[in-house]
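Here is the structure we will look at, set down as structure tokens.
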RNA sequence: GUGACCGUAGCUCAAGGGUAGAGCACCGGACUGUGGAUCCGGUGGUUGGGGGUUCAAAUCCCCUCGGUCACCCCA
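In our numbering, the protein residues as written are 915 to 1337.
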């Protein structure tokens, strides 16, 4: 035990040897969002607890048992963001952004939920998310799904499957729930305990249950898509048609149900088979009633959240972090001063440069250069200091050449291996 | 929140009541200004933490913390 303290349960340290992977995915996401016109929004890491109670919904698992809530010294009840959407809608309303037409945002933000950790499920995780507020039509639904699809293509993640459905609006949801209750009523005793509870609270969720008896019990159950109103149906059909036209692979899956109260109409998720039980890599949908629930005007909105840790899990651990451009090695203690001067000069010229800080032998410095994956080693010894030169070694080929001190930057930038002689 | 399995060196794992070990990694040498291969040597552990049983505990028992899997939930 190196320390008596450990990272809290369900959290993790991301060390430099892996954080470069995170940065790569984040950069790809930001670039896709730039192309689609989704500007970055940064909201506080904690919010008024009521924002989530009223936004995410009182009946939800998140609000009931997963929030990190605390009173601050002024007696305010605050909550660590358990979910990305309500803060964005809150900011949208707070800053009067409705007057600016459709607003599109993206964020990369830590999310906190008190859950039992397991692979792909953490108490602090990071979501890549997007929110488009103010646009009611099916085209924006398709755009958001397309954006994520392009993002997955960009980062080279293959094998993901996109499921989409519609759970109706506040006008037709009651009829849909009623139809489901009517269907399950005679079978109520056959359902699992959870589903018996869901029968009352949210019968849609019975369609989502994995208990074998329930899977059997729901054969022939009414499909959400057959019981939503004409407007909702037309909206969903249009979304599907657009996805098909855009060549975005997708499956219509009436069993997908989201766990948050505010979802309406289009819902979707992307799963990946390599992940086991926590296989949802992205989830989202339309939330046309959320702004109103937060005290604002009726405003349509749609967005998704995607778990960065899960994406990384799917991507695996191939490849290694890029090494420095140059490793500067001192052949003797007398040359260390000159070596360090060269290090700073090269860094100021824009190169990434490493050196030894522990006074080790040249051999050890070269081993380090190799381990780090440096492309070029720059050697300085007494000979070089006397001659005003630096010896550059191409680490891949072993070729070396002596270069006047003033030309080192230029020579390295020209790329290793362009000249020199074998050793 | 429920159930199950698991925590030994930086990493992957041995030792199942009697001196805590190996491989990899790391450091050094062979090679006194030159990396990747090979050989030799070395550093490194109050066996997750606490308590108990015992002459003796990594090993058996209890508690606790953490991880993993499933449920649940979700990203």
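Ideal Cβ placement from N, Cα and C applies to all residues, glycine included.
Supposed contact pair residue j and residue i - C-beta distance, whole angstroms, cut 8 Å
i            : j            : result
residue 1263 : residue 1323 : 4 Å
residue 1046 : residue 1216 : 5 Å
residue 936  : residue 1222 : 7 Å
residue 1044 : residue 952  : 5 Å
residue 1342 : residue 1268 : Residue 1342 cannot be examined here, being either before or after the span of the chain that is shown, 915 to 1337.
residue 1086 : residue 1170 : No, residue 1086 and residue 1170 are not in contact; Cβ-Cβ is about 17 Å, not under 8 Å.
residue 1195 : residue 1078 : Not a contact, Cβ separation roughly 15 Å.
residue 1219 : residue 998  : 5 Å
residue 1146 : residue 1123 : With a Cβ gap of about 24 Å, residue 1146 and residue 1123 do not count as contacting.
residue 1084 : residue 1178 : 7 Å
residue 942  : residue 1192 : With 8 Å as the limit, residue 942 and residue 1192 do not qualify as a contact, their Cβ atoms being about 22 Å apart.
As assigned by DSSP and simplified to three states, the class of residue i
i            : result
residue 1333 : Any reading at residue 1333 needs caution, since the residue's pLDDT is 42, under 50, leaving its predicted position unreliable; the model's value is listed next. Three-state result, residue 1333: coil.
residue 920  : coil
residue 1003 : helix
residue 1030 : coil
residue 1291 : strand
residue 1021 : strand
residue 1110 : helix
residue 932  : helix
residue 927  : coil
residue 1074 : coil
residue 1244 : strand
residue 1167 : coil
residue 1326 : helix
residue 1320 : helix
residue 1125 : coil
residue 1154 : helix
residue 988  : coil
residue 1228 : helix
Bridge partners - residue i, DSSP secondary structure assignment
i            : result
residue 1201 : For residue 1201, which the question treats as bridged, DSSP gives no partner whatsoever.
residue 1195 : In the DSSP output, where bridge partners are listed per residue, residue 1195 has none listed.
residue 1141 : Residue 1141 pairs with nothing; no bridge assigned.
residue 1176 : Bridge partners of residue 1176: none, in fact.
residue 1035 : 1032
residue 1185 : 1075, 1194
Residue of the options minimising C-alpha distance to residue i
i            : options                : result
residue 1049 : 1042, 1057, 1113       : 1057
residue 1236 : 1278, 967, 1095, 1286  : 1286
residue 991  : 962, 1218, 944, 1172   : 962
residue 1039 : 934, 1139, 1026        : 1026
residue 1029 : 978, 1194, 1067        : 978
residue 1181 : 1173, 1125, 1198       : 1198
residue 1207 : 946, 968, 933          : 968
residue 1175 : 1189, 1068, 1205, 927  : 1205
residue 1140 : 1129, 1093, 1115, 1133 : 1093
Cβ-based neighbour list, residue i, same chain, cut-off 6 Å, excluding 5 preceding and 5 following
i            : result
residue 1292 : 1240, 1242, 1304, 1306
residue 957  : 1001, 1005
residue 1082 : 1090, 1142, 1146
Residues near residue i in its chain [Cβ-Cβ closer than 8 Å; skip 5 each side]
i            : result
residue 1075 : 1163, 1165, 1184, 1185, 1186, 1187
residue 1023 : 956, 957, 959, 995, 998, 1040, 1041, 1043
residue 1031 : 923, 924, 1037
Cβ-based neighbour list, residue i, same chain, cut-off 7 Å, excluding 5 preceding and 5 following
i            : result
residue 1071 : 1225, 1228, 1229
residue 1156 : 1052, 1053, 1056
residue 1104 : 1127, 1131
residue 1309 : 1283, 1284, 1288, 1289, 1290, 1291
residue 1332 : Residue confidence is low: residue 1332 scores 44 on pLDDT, short of 50, so the model does not pin down where it sits. No coordinate-derived value is stated.
beta-carbon residue i near the ligand NAP non-hydrogen atom, thresh 7 Å
i            : result
residue 1147 : What this structure holds is no ligand at all, so the ligand NAP is not there to describe.
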